[in-house]
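Enquirer: Shown below is the structure under consideration.
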Amino acid sequence: MKTFFASVIFLSFLTTPILSQQNINKNSDGVISDLLNLSAMAQQFYIKPISMGGGGNSFLKWSIPEILDTTDNGNYTIILSDINQVLLKGVGYKEYWALITPKAIKIAQIIHEEYKK
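Just so it is clear: in the sequence shown, position 47 is 229 by my numbering, and no numbers are missing.
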C-alpha cells in the first residue's frame, strides 16, 4: 500500500511541469493567432477606401476593436502607427510584437534581459 501511494505522488510531481509548459505553449499559440487576426484586420483597413470606412492606404486611424484588446490569451496594444506600418504588442505568458505593413506581417517574441538569467 505504501508503494502505490509513493508512486502516485511521484507521478503527480512528474506531470505538473509538463502541463505548465503545455499551457504556456497553448497560450503562446493563442497570442500569435490573435496577433495574426489583428494584423489581417489592419491590412484590410489599409487597403479599403476612406469612403468605405477604411484607411485609404494609411494605417493612421486604425485601432484595435475594443472587444479584441483583451482576450483569454492576452492583452493587445498599438505601440506605433503611421501611414505605412503598425507595431502591435501582445502579452500573454510571453510577449510578442507584430510589425504590419501593407504586404507583410512579421511576428517576434520579445525576451527581456531580466528573464534571460
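No residue lacks a Cβ here, since even glycine has one placed at the ideal position from N, Cα and C.
1. Taking I289 as the reference, which of L220, F227, Q226 and D254 has the closest Cα?
2. Nearest-angstrom Cα distance between I229 and N209?
3. Report yes if the C-beta distance between I260 and I246 is below 8 Å; otherwise report no.
4. Looking at the secondary structure, which residues open and close the beta strand (DSSP E) in which S263 lies?
5. Among the candidates Q204, Q203, H294 and S215, whose CA atom is the shortest distance from the CA of N257?
6. Between the Cα of D251 and the Cα atoms of F241, G274 and L242, which residue gives the shortest distance?
Expert: On the basis of the data shown:
1. Closest option to I289, Cα to Cα, is L220.
2. I229 and N209: Cα-Cα distance of roughly 31 Å.
3. Yes, the Cβ-Cβ distance between I260 and I246 is below 8 Å.
4. First-last of the beta strand (DSSP E) with S263: N257 to S263.
5. The shortest Cα separation from N257 among Q204, Q203, H294 and S215 belongs to S215.
6. Cα-wise, what sits closest to D251 is G274.
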